[in-house]
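Comments concern the structure below.
Residue numbers (the numbering used here), protein chains in the order written: chain F, 505 to 1011; chain G, 427 to 560.
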C-alpha cells in the first residue's frame, strides 16, 4: 500500500473538524484523523486504551485513517464508524472527481482564452509581419517551446520568416517543408522527419510543425522545438493547429484585402480611362447646314472597342463606325489609336477606301500578330449629296432611300489587321439613292433577349422601317432603334459594346 | 485523367482526347480536327484562342475547326480563328472550317472572312481538301 504525503488536496479542515467532534461526542470516545505520515491532523473527545485505526482511502489510496479509542460498545461503534467513514470517502471521491473536472475545465478555459485573445488581436491587423510576430509570441507562450519559427507570405509573393529563441534559424528548412503539409505533426527525431519526407536538419529535440492553412491553401507554417526532451502532447498539437488555422484565415484575409485594394486602384484607373474615352468621342448630336448626325456608343465594360466618327469636311462629311474584335481595355487601347489615325489621315486623304488601305497597314503592323482586327465602315459625303461607302468586314449600313425603302451595303473587304495587302473599294450612292444611313456595330444585331434570341439584322431593319415612311430626323431614328432594342433586351446584361450612328442628309 | 505534365502531342497521339469542355481534338495523319463544343462568345473566345495556340505550339499546322456545335461566333471568336490562321500560315499550314450552321456562315460572309477561311460542309470534305493539297 502506498500513501501520499500531507493532507490530501480535498482536505477541508473545517468540515473534518466538525465531523470528528460530532463523532467524539456521540461515541463519548476520542476520535482522531491521522495523516499519511502518522501525524494527527484533527482530534476530538477523550478516551483510554489502544485505539482502533480505520484506514481512509481515496481512489484506493490511503490518504488518512480514523482512530477511535476502545469502549463498551466498541465493536458496534466500529461498524458505525466504518459506515461513517465510508460516507466520508464517497464525499471525498466526489470532491476529488470535481477537482479533476475543475482542473480540466481550467485548462480548456486557458486554451479558449488564448485563442480568443489571439483572434481578437489579429482581427485588426493588416500587416503580415505583425501577424506572424503575434502568432510566434502566442505559440511560444502556449507551447513552452525552446525556439520557434514561422514562414509566411508577406505579400506580393514574397516569403517572410519570423522566429523566437535560440536555434530557431535551424528550423527554417523544416518550416518551409511544413508549409506544404495538409495537417500538423509532431516529429520526435530526425528519423521521424525523414520518414515524413523532410530532408533537412533541425535541433535534436522533438519538433511540432503545423501549416497555416485556409480553404485548402497554405499560407506558411509554424514550427516549434520542445523546451526539453519530453514529447509534445496531442493537446499541444491540437492547440498549435487551432492557432495556425486562425492565423491561416487571417493571412487569407490579408490577401483578399490586398486584392480588393488592387481592384479598387484598377477600378479608379478604368474610371479615368472611361472618362478619357468618352471625351474623345464625337458629340452625340452634330448638326451642320447639310447634315444631322446622331450617334451613341455604349461600352459593355468601363471602356470598349467601339467608336464612331463625325468629321465635317469643307465639301461634305466623313462619318463612320469602327469595332475592334473583342472588347474591354485591350480593344479600347487599339481603338483610340485607330480613331486618332483616321482623323489625322482625313486631312490628307479624301476617299474612304484609301483611308482604310493606309490604316489597314498600320493595324497589321501593330497588332496583326495578336489576332486583333478592326471592322469599320466609312461614309464620305460629297458636295453634290452623293456618298462613298467603304466597308471593311463591318455589318452592312442600312440606307433609307427617299422613297422609304431600305437597302444594305455589304462589305467587300476583310476587316483591318488581317491581310496587309487587302484591297478596299468605295461604293458610291447618288443623292437620289439615300436620305438616311444607319451604321451600327454587331453589339446591336447580337443583342440578346431573355429567351436567348438575337436582335439580328432583320429586327433592326424592321425597326428602321418603322421610321422610314416619313423619314424622320437622325436623333429620332436613333432613339426609335434604341427604344426597340431596349424593349427587346428587357434588362438583359450586354456582353458586347454597342454603337449606332445615324446620318441624315438635309439637302 | 489528363496528365498536365505530358505534352499535348502525346495526349493527342492517343487518338481522341478531350482537352477541355470547349475543345476536343482528333488527329488524322497530319491534320488535327478541332471540334468546338460551345459558342465562341466574349467569355469563351480567349480560352479557345489559348487552346488553339497550344495545339499549334505542339507542331500542328493543318487544322480543321468543326463548328457544328456552335450556334454563335462573335468578333472575339473570329479573332481566335484569325490568330490561329496567322500562326500556321508562315509554316505552310492552314485553318479550315467545317460544319458551320447557316447563322455562323453568315458571320463569316458579312465580315468577308470567307476570303481567308475555306469553309466545308463537313469534316470529310475538309480533310479531303488537305489530302488534295499534297
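For glycine and all other residues, C-beta sits at the position ideal for the given N, C-alpha and C.
Given residue i, which residues of its chain have a CB within under 7 Å of its CB, disregarding the five upstream and five downstream residues?
i                      : result
residue 539 of chain G : 504
residue 639 of chain F : 654, 726, 747 and 751
residue 954 of chain F : 994 and 996
residue 861 of chain F : 928
residue 741 of chain F : 688, 690 and 712
residue 482 of chain G : 510, 513 and 514
residue 845 of chain F : 863 and 866
For residue i, which residues from the same chain have a beta carbon less than 8 Å from its beta carbon, with the 5 sequence-adjacent residues on both sides left out?
i                      : result
residue 526 of chain G : 493, 494, 496, 534 and 545
residue 775 of chain F : 806
residue 692 of chain F : 710 and 735
residue 495 of chain F : There is no way to answer for residue 495 of chain F, as the model of chain F reaches only from 505 to 1011.
residue 549 of chain G : 459, 490, 492, 524 and 525
Check whether chain G comes within 8 Å of residue i, counting only Cβ atoms and requiring the distance to be less than that.
i                       : result
residue 873 of chain F  : yes
residue 1000 of chain F : yes
residue 950 of chain F  : yes
residue 946 of chain F  : yes
residue 1005 of chain F : no
Please name the residue, chosen from the options, that lies closest to residue i on a Cα-to-Cα basis.
i                       : options                          : result
residue 956 of chain F  : F/932, F/998, F/607 and F/837    : F/998
residue 632 of chain F  : F/755, F/913, F/980 and F/893    : F/755
residue 829 of chain F  : F/842, F/974, F/818 and F/740    : F/842
residue 936 of chain F  : F/908, F/824 and F/548           : F/908
residue 540 of chain F  : F/798, F/825, F/557 and F/813    : F/557
residue 590 of chain F  : F/569, F/716, F/605 and F/604    : F/569
residue 840 of chain F  : F/530, F/621, F/867 and F/819    : F/867
residue 477 of chain G  : G/557, G/455 and G/510           : G/510
residue 467 of chain G  : F/571, F/1010, F/1005 and F/1001 : F/1001
residue 880 of chain F  : F/870, F/898 and F/888           : F/898
residue 448 of chain G  : G/458, G/454, G/459 and G/470    : G/470
residue 465 of chain G  : F/977, F/963, F/950 and F/987    : F/950
residue 499 of chain G  : F/608, F/947, F/602 and F/646    : F/947
residue 832 of chain F  : F/798, F/808 and F/658           : F/808
residue 854 of chain F  : F/917, F/885 and F/531           : F/885
residue 827 of chain F  : F/729, F/1004 and F/788          : F/1004
residue 799 of chain F  : F/979, F/882 and F/608           : F/979
residue 1007 of chain F : F/677, F/821 and F/811           : F/821
residue 487 of chain G  : G/507, G/501 and G/502           : G/507
residue 992 of chain F  : F/966, F/959 and F/797           : F/959
Answer yes or no: does any C-beta atom of chain F fall closer than 8 Å to that of residue i?
i                      : result
residue 502 of chain G : yes
residue 476 of chain G : no
residue 465 of chain G : no
residue 526 of chain G : no
residue 461 of chain G : no
What three-state label does DSSP hand residue i in the structure shown?
i                      : result
residue 715 of chain F : strand
residue 798 of chain F : strand
residue 855 of chain F : coil
residue 506 of chain F : Caution applies to residue 506 of chain F, whose pLDDT of 37 falls short of 50 and renders its modelled position unreliable; the value that the coordinates give is listed next. DSSP places residue 506 of chain F in coil when its eight states are reduced to three.
residue 591 of chain G : This structure cannot settle anything about residue 591 of chain G, because the visible part of chain G is limited to 427 through 560.
residue 453 of chain G : strand
residue 995 of chain F : coil
residue 747 of chain F : helix
residue 612 of chain F : helix
residue 816 of chain F : strand
residue 791 of chain F : strand
residue 524 of chain F : helix
residue 657 of chain F : strand
residue 681 of chain F : helix
Using a Cβ-Cβ cutoff of less than 6 Å, which residues in the same chain neighbour residue i once the five nearest sequence positions on both sides are dropped?
i                      : result
residue 934 of chain F : 890
residue 668 of chain F : 640, 644 and 652
residue 549 of chain F : 528, 533, 534 and 535
residue 551 of chain F : 533, 534 and 573
residue 971 of chain F : 981 and 984
residue 523 of chain F : none
residue 461 of chain G : 450 and 492
By the 9 Å beta-carbon criterion, what residues does the stretch 913–928 of chain F contribute toward chain G? 914, 915, 916, 917, 918, 919, 921, 922, 923 and 926
Check distances from the C-beta atoms of the stretch 820–834 of chain F to those of chain G and list, in chain order, the residues that come in under 9 Å. 827, 828, 829, 830, 831 and 832
Would you list, in chain order, the members of the stretch 866–899 of chain F that have their beta-carbon closer than 9 Å to a beta-carbon of chain G? 872, 873, 874, 875, 876, 877, 879, 895, 896, 897, 898 and 899
Near-chain F residues of the stretch 537–556 of chain G - C-beta to any C-beta below 9 Å: 537, 538, 539, 541 and 542
When you check each C-beta in the stretch 498–524 of chain G against every C-beta of chain F, which residues fall closer than 7 Å? 500, 501, 502, 504, 505, 506, 508, 509 and 512
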